[in-house]
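Quick mapping for you: the protein sequence lines, in order, are chains G and C. Heads up: the first sequence begins at 543 in my numbering, then just goes up one per residue. Heads up: the second sequence begins at 543 in my numbering, then just goes up one per residue.
2 protein chains.
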Amino acid sequence: METQPVVVGVDLGATSLRAGVFTPQGQLLTVDQAEIQAEQGSEKGVRRITQLIERLVAGVPGARLQGVGVGTTGPADALTGVLINPGTLPGWVNVPIAARLQERFGVPACLENDGDAAVLGEYWMGAGQGVSRLYMVTLGTGIGTAFVVEGRLYRGAGGFHPEGGHQVIDPDGPPCYCGARGCWESLASGTAIAKRAREALADSHNPLAQNSILRGEAERIDARDVVEAARAGDALAQQIIEQAADYFGMGLFNLLMLFFPDMILLSGGVMRNLDLFMPAIQGWVEKSQPYLPSGQVKIAPAKLGYYAGIYGAAYAILQRVNPPG
Amino acid sequence: METQPVVVGVDLGATSLRAGVFTPQGQLLTVDQAEIQAEQGSEKGVRRITQLIERLVAGVPGARLQGVGVGTTGPADALTGVLINPGTLPGWVNVPIAARLQERFGVPACLENDGDAAVLGEYWMGAGQGVSRLYMVTLGTGIGTAFVVEGRLYRGAGGFHPEGGHQVIDPDGPPCYCGARGCWESLASGTAIAKRAREALADSHNPLAQNSILRGEAERIDARDVVEAARAGDALAQQIIEQAADYFGMGLFNLLMLFFPDMILLSGGVMRNLDLFMPAIQGWVEKSQPYLPSGQVKIAPAKLGYYAGIYGAAYAILQRVNPPG
Chain G
543 METQPVVVGV DLGATSLRAG VFTPQGQLLT VDQAEIQAEQ GSEKGVRRIT
593 QLIERLVAGV PGARLQGVGV GTTGPADALT GVLINPGTLP GWVNVPIAAR
643 LQERFGVPAC LENDGDAAVL GEYWMGAGQG VSRLYMVTLG TGIGTAFVVE
693 GRLYRGAGGF HPEGGHQVID PDGPPCYCGA RGCWESLASG TAIAKRAREA
743 LADSHNPLAQ NSILRGEAER IDARDVVEAA RAGDALAQQI IEQAADYFGM
793 GLFNLLMLFF PDMILLSGGV MRNLDLFMPA IQGWVEKSQP YLPSGQVKIA
843 PAKLGYYAGI YGAAYAILQR VNPPG
Chain C
543 METQPVVVGV DLGATSLRAG VFTPQGQLLT VDQAEIQAEQ GSEKGVRRIT
593 QLIERLVAGV PGARLQGVGV GTTGPADALT GVLINPGTLP GWVNVPIAAR
643 LQERFGVPAC LENDGDAAVL GEYWMGAGQG VSRLYMVTLG TGIGTAFVVE
693 GRLYRGAGGF HPEGGHQVID PDGPPCYCGA RGCWESLASG TAIAKRAREA
743 LADSHNPLAQ NSILRGEAER IDARDVVEAA RAGDALAQQI IEQAADYFGM
793 GLFNLLMLFF PDMILLSGGV MRNLDLFMPA IQGWVEKSQP YLPSGQVKIA
843 PAKLGYYAGI YGAAYAILQR VNPPG
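Structure representation (C-alpha cells):
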C-alpha cells in the first residue's frame, strides 16, 4: 500500500474538541469531534486528545503522520507549546500540550492560540488564500484579532498574541475587565450588546424599552435575542445593534489605519448577521479610503466556519515541518 | 590610497535638506545641510540634493559610494522610489527621486517616508538597536507612526506607510482633516494642543482662561507657548497639557494592545517635554501590563534627534545593497 503523508489539526475549545487529518496540500481527509470534559482535569483531557488523533489517523489508509498542530482557547505560549491558564478550561494550568503530543506520536507538535489558528486556516484554504497582509476579527462573546503577514503569524513581544479587542475607542464607554474603559470589546461584542439591552430594559424612563418585545425577559437576554428582535422591527433592539455596529466599524477603521492590511476577514457568531452590521462598517471603510492607496482593502466574511481552527492548526505544524521560504 | 565603501543618507524636509556619509558599520563620517528652496521646483531641488551628495562624498578620502537612501516628507511610494505629492513640498508631484539619483551616481538608490527612515535609524544606531519589534511615535504638529519588525520596515497594502496617528480614540472629539472625529492626532498633537488653548481662551465663561498668562495672545499661540505656560504654573495650560497627555497615553495603550511591541520610542518636538507627558503615559502603560507578558515593553525617548532621518535612509539603502538574512 502506498503511504500518504498527513498532518493533524486539533481545535481545543472550552467544551468540545475537534480534529481533522489533512494532506500537506490541504485536503481534509477525515474529521471528528468529542467532548473535552475539561472539569475532569488536563491529564484526562490530553488523553482524550491523543485518543481522538489515534482513531482518526487509523482511519486513513497508509497514513504516515508528520506532525500535530493544536489551536486552543487561550492564553497559550506558542513558543513553548504550553497552555497557560485559560479561564475557559479551569484547572488546566501550564499544560505542556505540544510536548505531550510530540512524546506520544514521535513527530513535531505545536500549539497556537485559537484566533491565530483560525486566520492561518483562512490563509491556507479559506477566504484569505495568498493574501499578503491578512487580518482577522472574530466577533462573538468577545472580540479577537489575529494577523498573518506573508503567510506567517504576526507575534507580539515574548511570542504572545496581541489583544486588538481591547483597543480603547471611547473613553466614555463602560469599564471592561481589561482595566480600561470603552475598549472595543466592551462596546461591540455580543456580551456588550446583551448588557446594553438589559440596561436599557431596566430604564423605566426609556420609551423604547417600554414598547420593546424584549421587555419582561431582561435577565435571560443574549446578543442573539437582540439581533432577532431587531430583525422583527423592534426599535430598541435596532438602536442597540446600530450603535454596536458603529463601534465595530470604528474599531475596524483603526485596524485599517494602523495596519493597512490587504484584507480583513470577519468571523464569529454575530457575523452570521453581517447584513445588520455592514452599513456601519461600509461607512467607516469609506472614511479610510483617502489614506488607503487605491482603496484596495477588502472586508469579507471568513469561509471555513467551525473548521477554521483545525485547518489552521494543521497549517501551523506544516509550516514548522516544512518552513516557508 | 585604500578605498572606503560608503553609503549616503539624505533627509529631505519641507525647508531643509540634510545628508550624511556613513560606513556600512554605521559610522557617520561627515554631514552637512542646505536649504531645499522647494518653491523653485523639483528639478532644481533634485540638483541641490545631488550637489550636496557630491560635495560630501568628495570630502571623504577614498570613498567608494555604494548607494544613496532618502527619507522624505511624505507621501512617498517606497516600492518605486517616487515622491508623490507632499503638502509640504508644493508642486513636487510624482518626482522619481530614487531613479534620478541612481542615474546620476550609478549606484542603487531608494526613497522612504521620513517616519520610516527615523525608526530604521534608531534601530540601526539609536535607542532601539536590535529590538525585535520596535515601534516609533513622533509627536509634533501631527502624530506619525512607524514600525520595524526584526530589522525590516512593516509596510501596509501597496507598500504604503500606515497612518497610526489617525486611529480614532474618542468619537466625541473634534473633526480632523482625515475625515474622522477624535482621531489621535486631533486630540494629542502639537496642533491639537494649540487649537484647544485658543478655543479655551476665546471662551469668556472659562475662569481659567480669564486668569491665564496666555490671555491676549490667543491668535499666535502654538504648542510651545502652552508647554511654557504650563511649566510656569498656568492652570489653563496645565489642564490642556494634562488632557493631551492622557489622550496621548490612550493612543499608546492601543498600540501596546494591537502590536505587543518590545519597545515604543517617542520622538518629536513635544517629546522634549517628556516629563510633562510621562505621568499619563505611565498610567496607560500600567493598564496594559496584565496583557503584556512579563511587562517587558519599554517606552523610551528616541536618541538620534535630527539625525535619525539620515541614519535611517543610509540603513535603508544598505539593506537593499546587502539584504539581511
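Glycine included, every Cβ here is placed at the ideal spot set by N, Cα and C.
Cα-Cα separation, C:I841 to C:L808 = As a working note, residue 841 of chain C is residue 299 in the second sequence. As a working note, residue 808 of chain C is residue 266 in the second sequence. C:L808 has its alpha-carbon roughly 7 angstroms from the corresponding atom of C:I841.
request  = Examine the Cβ distances between the segment 685-698 of chain C and the segment 714-721 of chain C and report whether three or more of them are shorter than 8 angstroms.
outcome  = No, the segment 685-698 of chain C does not touch the segment 714-721 of chain C.
task = Return the residue from the list G:G568, G:M799, G:L834 that minimises the CA-CA distance to G:G663.
result = Along the first sequence, one-based indexing puts residue 663 of chain G at 121. Residue G:G568 is the option with its Cα nearest to G:G663.
query = Got a sec: is the Cβ-Cβ distance from G:E654 to anything in chain C below 7 angstroms?
reply = Here residue 654 of chain G refers to the residue found at position 112 when the first sequence is read from its first residue. Proximity of G:E654 to chain C, defined by a Cβ-Cβ separation below 7 angstroms, is not satisfied.
request  = Look up G:K845 in the DSSP assignment and say whether it is helix, strand or coil.
outcome  = The residue you call residue 845 of chain G lines up with position 303 of the first sequence. G:K845 falls in the coil class under three-state DSSP.
message = Contact criterion: CB-CB distance below 7 angstroms. Does G:L800 meet it with respect to chain C?
response = In the first sequence, counting from the first residue as 1, residue 800 of chain G sits at position 258. Yes, G:L800 counts as interfacial toward chain C.
task = Figure out for me which residue from G:L860, G:M813, G:Q838, G:L554 has the closest Cα to the Cα of G:M678.
result = Within the first sequence, the letter at position 136 stands for residue 678 of chain G. Answer by Cα proximity: G:M813.
key: Segment contact flag, the segment 784-799 of chain C with the segment 704-720 of chain C, C-beta cutoff 8 angstroms, min 3 pairs   = Verdict: yes, contact present.
key: Candidates C:D764, C:R694, C:M792, C:D788: closest to G:C725 by CA position   = Sequence index remark: in the first sequence, residue 725 of chain G carries index 183 (1-based). Of C:D764, C:R694, C:M792, C:D788, the residue nearest in Cα terms is C:M792.
task = Would you decide whether C:L621 is buried or exposed? Buried here means 16 or more other CB atoms lie within 10 Å of its CB.
result = Within the second sequence, numbered from 1, the residue matching residue 621 of chain C stands at position 79. The residue in question, C:L621, is exposed, as its Cβ has fewer than 16 Cβ neighbours within 10 Å.
Range covered by the beta strand (DSSP E) that runs through G:G587 = On the first sequence, position 45 is the one that residue 587 of chain G refers to. In this chain, G:G587 is not harboured by any beta strand (DSSP E); it is covered by the alpha helix (DSSP H) spanning 584-600.
query = For C:L778, which residues from the same chain have a beta carbon less than 8 angstroms from its beta carbon, with the 5 sequence-adjacent residues on both sides left out?
reply = Along the second sequence, one-based indexing puts residue 778 of chain C at 236. Excluding sequence neighbours, C:L778 sits near A739, A742, L743, N748, L750, A751, N753, S754, L756, A771.
inquiry  = Using DSSP's beta-bridge definition, name the partner residues of C:M678.
reply    = As a first step, residue 678 of chain C is located in the second sequence; it is residue number 136 there, counting from the start. According to DSSP, C:M678 bridges with C:A688, C:L807.
Three-way DSSP call (helix, strand, coil) for G:L572 in this model = By 1-based counting over the first sequence, the position of residue 572 of chain G is 30. Before going on, a small fix: residue 572 of chain G reads as Thr here, not Leu. In the three-state reduction of the DSSP assignment, G:T572 falls in the strand class, which pools E and B.
query = Taking the alpha carbon of C:V637 as the point to measure from, which residue in C:R646, C:A787, C:L570, C:N627 has its own alpha carbon closest?
reply = Counted from its first residue, the second sequence places residue 637 of chain C at position 95. The shortest CA-to-CA distance from C:V637 to any of C:R646, C:A787, C:L570, C:N627 is the one to C:N627.
ask   = Can you give the Cα-Cα distance for C:T614 and C:E654, rounded to whole angstroms?
value = Position 72 of the second sequence, counting from 1, holds the residue named residue 614 of chain C. Position 112 of the second sequence, counting from 1, holds the residue named residue 654 of chain C. Near 6 angstroms, if we compare the C-alpha coordinates of C:E654 and C:T614.
query = If you drop the 5 nearest sequence neighbours on each side, which residues of the same chain put their C-beta closer than 8 angstroms to that of G:P843?
reply = To locate residue 843 of chain G, count along the first sequence from 1; it is residue 301. Excluding residues within five positions, the ones whose Cβ falls inside 8 angstroms are A669, L807, L808, S809, M813, L816.
key: DSSP bridge partner residues for C:G562 (one or two, in chain order)   = Within the second sequence, numbered from 1, the residue matching residue 562 of chain C stands at position 20. C:G551, C:V573.
inquiry  = Short of 8 angstroms in beta carbon distance, which residues of its chain neighbour C:I782, apart from the five on each side in sequence? Order them along the chain.
reply    = Position 240 of the second sequence, counted from the start, is the residue given in the question as residue 782 of chain C. The residues are I735, R738, A739, A742, V768, A772.
ask   = What's the C-alpha gap between G:K586 and G:M667?
value = The residue given as residue 586 of chain G occupies position 44 in the first sequence. The residue given as residue 667 of chain G occupies position 125 in the first sequence. Distance between the alpha carbons of G:K586 and G:M667: 32 angstroms.
inquiry  = Which same chain residues end up closer than 6 angstroms to G:Y857 when comparing Cβ atoms and leaving out the 5 residues on each side of it in sequence?
reply    = Position 315 of the first sequence, counted from the start, is the residue given in the question as residue 857 of chain G. Excluding positions up to five away in sequence, the list reads L662, W666.
ask   = Closest Cβ-Cβ distance between G:K829 and chain C: below 7 angstroms?
value = One-based indexing of the first sequence puts residue 829 of chain G at position 287. Chain C, which has a Cβ nearer than 7 angstroms to the Cβ of G:K829, makes this yes.
query = How about G:T733 and G:T683: do their beta carbons lie closer than 7 angstroms?
reply = Within the first sequence, residue 733 of chain G is the residue found at index 191, counting from 1. Within the first sequence, residue 683 of chain G is the residue found at index 141, counting from 1. Less than 7 angstroms separates the beta-carbon of G:T733 from that of G:T683.
Residue nearest to G:A618 in terms of C-alpha spacing, selected from G:P603, G:G775, G:W634, G:S746 = Position 76 of the first sequence, counting from 1, holds the residue named residue 618 of chain G. Among G:P603, G:G775, G:W634, G:S746, the Cα nearest to that of G:A618 is on G:W634.
ask   = In chain C, which residues lie less than 8 angstroms from G:Y833 when you measure between Cβ atoms?
value = One-based indexing of the first sequence puts residue 833 of chain G at position 291. One finds E705, H708, C720 in chain C with Cβ atoms closer than 8 angstroms to the Cβ of G:Y833, taken in chain order.
ask   = Which residue's Cα is closest to the Cα of G:L559: G:V588, G:P547, G:P632, G:E645?
value = Counting from one through the first sequence, the residue named residue 559 of chain G turns up at place 17. Measuring from the Cα of G:L559, the nearest candidate turns out to be G:V588.
request  = Return the first residue and the last residue of the alpha helix (DSSP H) that C:Q861 is part of.
outcome  = For the purposes of this step, residue 861 of chain C is taken as the residue at position 319 of the second sequence. For C:Q861, the enclosing alpha helix (DSSP H) stretches over residues 850-863.
ask   = Can you tell which of C:A561, C:A787, C:T557, C:G609 has the C-alpha that lies nearest to the C-alpha of C:Y853?
value = The residue you call residue 853 of chain C lines up with position 311 of the second sequence. Comparing Cα positions, the closest option is C:A561.
ask   = Are G:A855 and G:A659 close, meaning C-beta to C-beta below 7 angstroms?
value = The sequence position of residue 855 of chain G within the first sequence is 313, counting from 1. The sequence position of residue 659 of chain G within the first sequence is 117, counting from 1. Yes, the Cβ-Cβ distance between G:A855 and G:A659 is below 7 angstroms.
key: Residue span of the beta strand (DSSP E) that contains G:Q608, given as start and end   = Against the first sequence, residue 608 of chain G aligns to sequence position 66. Where G:Q608 is concerned, the enclosing beta strand (DSSP E) stretches over 605-614.
Inter-residue Cα distance where the pair is G:A641 and C:D714 = Along the first sequence, read from residue 1 onward, the residue named residue 641 of chain G stands at position 99. Along the second sequence, read from residue 1 onward, the residue named residue 714 of chain C stands at position 172. Here the C-alpha atom of G:A641 lies approximately 50 angstroms from the C-alpha atom of C:D714.
task = Within the segment 683-768 of chain C, note down every full beta strand (DSSP E) run reaching 3 residues or more, in order along the chain.
result = Qualifying beta strand (DSSP E) stretches, in chain order: 685-691.
task = Please list the partners that C:R675 has in chain G, where partner means a Cβ-to-Cβ separation under 8 angstroms.
result = Here residue 675 of chain C corresponds to residue number 133 of the second sequence, with the count starting at 1. Correct list: G698, A699.
ask   = G:K840 bridges to which residues according to DSSP?
value = Position 298 of the first sequence holds residue 840 of chain G. As computed with DSSP, G:K840 is found in a beta bridge with G:M805.
ask   = Under 7 angstroms, do G:I859 and G:V549 count as touching if we go by C-beta distance?
value = If you number the first sequence from 1, residue 859 of chain G lands on position 317. If you number the first sequence from 1, residue 549 of chain G lands on position 7. Contact: yes.
query = Taking Cβ positions only, does G:D776 come closer than 7 angstroms to chain C?
reply = Residue 776 of chain G sits at position 234 when you count from the first residue of the first sequence. Chain C contact via Cβ: absent.
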